[in-house]
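K.L.:
Would you mind keeping the following structure in view while I ask a few things?
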Amino acid sequence: SAENLTTPVEREFNYSDLKECELSSVELHKKGEVNEYVEPCIVEDIHPSVNETTNRSAIITIIQVTRTTCGPWRDGSIIGVQKLNEANNGTGVAIGFQNDYYVKFRLVSIVSGNQVNLGADEYDRRHVMLLNSTLEALKPQYIVGTCSWHAAIEKGPALAHKTILSTQVGPPSFYEDKNPYVFGIHINSDNYPQPAVQELRFFAENLPGGVSSQPMRVIYRTKSSFFNSTCRAAIDSAMDSGLTDVEAFEYDPFGDEDGDGIVNEKDTDFLQSLADEACPPSLGSSEEGPKPALFLCTLEEHEVILARWKENGCRPVALWATPS
């Protein structure tokens, strides 16, 4: 049975087969932090009622598919829809010139599995399969985008089903493929590191060796438009500012660099070696020469990396990071 599955199995999934999740969104998020199978399920189906006698109310259907550890993206959508439906004493969002028509939202929120258990390719297959199936079954007006590292795989289904995809992704490059159904309201995440890079350049101008003598080391995840492009923007900005001693350390968070069976984002040994490579004691603790500026575009890996730097004696002149 599905409950006894401990390893990924390639199966077919349809919206009509999904059951209500037995765990809460928070509990599902915690499941995603370990290598444990999670059966696809519906974590929330908010299906409000409207006053059909007045002909002044309507329901708009929204769907969202997330993996277990996309809790903040999933919960934000659920809370947002609940608040909108509660507006105006439970009649919904007022629209129209006179604000005398009302809209409520149905949200179907689906958890498609645990990527730690499934692996990246199998997870993506299930995610796209369930998204396509739900689009066919419910014919919603909108898709709420998933978390950033899987956002790109939703573009194809949105285009195929001609359904607006409201993404939760910041990089401008994400919106440049001319898909007419992809929308987003994030601010440009390429600009996030710019103030830090500017301050670093101002600081380095006073070094004996000038700006070019200031080391900068950048560690970032590759499997996410946000993490990848944000740190690439930091590198490009630094180079444009005259910082030439810049080294990038990129890694696939879902890969297994050292072949020990633990994905990189959870592999303490791998992350410690990455930290040592980016800022060894000889670079960060020396009394001679400038100390490095460190930039991190990571999710939770910083906990291991920062602890390692504290342990190995690395003492940066500046630290900038993305983790929440």
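Our numbering applies: residue 40 is where the sequence shown begins, and numbers increase by one.
By construction, the Cβ of each residue, glycine as well, lies at the ideal position given by its N, Cα and C atoms.
Check for me: the beta strand (DSSP E) holding S96 runs from which residue to which?
P.N.:
S96 -> beta strand (DSSP E) spans 96-105.
K.L.:
Among L338, P254, G298, P362, which one has its Cα closest to the Cα of K372?
P.N.:
Residue numbering for the chain in the displayed model covers 40 to 363; residue 372 lies beyond these limits and cannot be assessed.
K.L.:
Which residues in the same chain as E59 place their Cβ atom closer than 7 Å to its Cβ, once the five residues preceding and following it in sequence are excluded?
P.N.:
Correct list, in chain order: C80, I81.
K.L.:
Specify the secondary structure class of D295 as computed by DSSP and reduced to three states.
P.N.:
Three-state DSSP puts D295 in coil, outside helix and strand.
K.L.:
Alpha carbon to alpha carbon, what distance is there between I99 and P179?
P.N.:
The straight-line gap from Cα to Cα measures roughly 7 Å.
K.L.:
With a 10 Å radius around its C-beta and 16 neighbouring C-beta atoms as the bar for buried, classify H86 as buried or exposed.
P.N.:
Exposed, since its Cβ has fewer than 16 Cβ neighbours within 10 Å.
K.L.:
Just to confirm, are V364 and T173 a CB contact at a threshold of 9 Å?
P.N.:
What is shown of the chain runs 40 to 363, which leaves residue 364 out entirely.
K.L.:
Per DSSP, what are the beta-bridge partners of Y290 in this structure?
P.N.:
Its beta-bridge partners are R260.
K.L.:
In this structure, does DSSP put V142 in helix, strand or coil?
P.N.:
Note: V142 maps to strand in three-state DSSP.
K.L.:
Write down the C-beta distance between R240 and G281 rounded to the nearest angstrom, noting that I regard them as a contact closer than 8 Å.
P.N.:
Indeed they touch by this definition, with Cβ atoms about 7 Å apart.
K.L.:
In angstroms with no decimal places, state the Cα-to-Cα distance between F242 and C270.
P.N.:
About 20 Å.
K.L.:
Would you check if the region 135-145 and the region 116-126 touch, i.e. whether three or more CB-CB distances between them fall below 8 Å?
P.N.:
Touching, per the Cβ criterion.
K.L.:
In or out: P219 buried (at least 16 other Cβ within 10 Å) or exposed?
P.N.:
Exposed.
K.L.:
Of the choices V257, E238, R260, V183, whose alpha-carbon is the least far from that of V250?
P.N.:
V250 has its Cα closest to that of E238, out of V257, E238, R260, V183.
K.L.:
Closest to G352 by C-alpha separation, out of L335, R50, E316, T361, would be which residue?
P.N.:
If we check each option's Cα against that of G352, E316 comes out closest.
K.L.:
What's the C-alpha gap between M401 and V285?
P.N.:
Past the boundaries of the shown model lies residue 401; the chain is included only from 40 to 363, so the question cannot be answered.
K.L.:
Under 8 Å, with one C-beta from each stretch per pair, do the region 121-131 and the region 204-213 reach the 3-pair mark?
P.N.:
Touching, no.
K.L.:
Quick one: what's got a C-beta closer than 8 Å to E232's C-beta in the same chain, skipping five residues either side?
P.N.:
Here residue 232 turns out to be Pro, not Glu, going by the sequence shown. Within the same chain, P232 has close Cβ partners T269, C270, A272, A273, S276, F334, W359.
K.L.:
Exposed or buried, G71, counting other C-beta atoms within 10 Å across all chains shown (16 or more means buried)?
P.N.:
Classification for G71: buried.
K.L.:
Quick check on F334: does DSSP put it in helix, strand or coil?
P.N.:
Three-state result, F334: strand.
K.L.:
Please report the distance separating the alpha-carbon of L44 from that of E175.
P.N.:
Only weak support exists for where L44 lies, its pLDDT of 44 falling under 50; the coordinates are left without a value.
K.L.:
Is it right to say G365 is buried, meaning 16 or more other beta carbons lie within 10 angstroms of its own, or is it exposed?
P.N.:
The question about residue 365 has no answer here: the residues shown for the chain are numbered 40 through 363.
K.L.:
Which residue or residues does DSSP assign as beta-bridge partners of M255?
P.N.:
Per DSSP, V285, A332.
K.L.:
I need the boundaries of the alpha helix (DSSP H) containing W348, first residue and last residue.
P.N.:
Segment 341-351, the alpha helix (DSSP H) holding W348.
K.L.:
Can you tell me which of H68, Y140, L157, N138 puts its alpha carbon nearest to the alpha carbon of R113?
P.N.:
Closest option to R113, Cα to Cα, is H68.
K.L.:
What does a CB cutoff of less than 8 Å around E49 pick up in its chain, not counting 5 residues either side in sequence?
P.N.:
Closer than 8 Å at the Cβ level, and outside the excluded window around E49, lie E161, R164.
K.L.:
Here's the rule I'm using: 16 or more other beta-carbon atoms within 10 Å means buried, otherwise exposed. How should E350 be labelled?
P.N.:
Exposed is the call here.
K.L.:
Need the endpoints of the alpha helix (DSSP H) that L365 sits in, please.
P.N.:
With the chain covering only 40 through 363, there is no way to say anything about residue 365.
K.L.:
I need the DSSP call for S88, collapsed to helix, strand or coil.
P.N.:
Looking at S88 - three-state DSSP - the assignment turns out to be coil, as it is neither helix nor strand.
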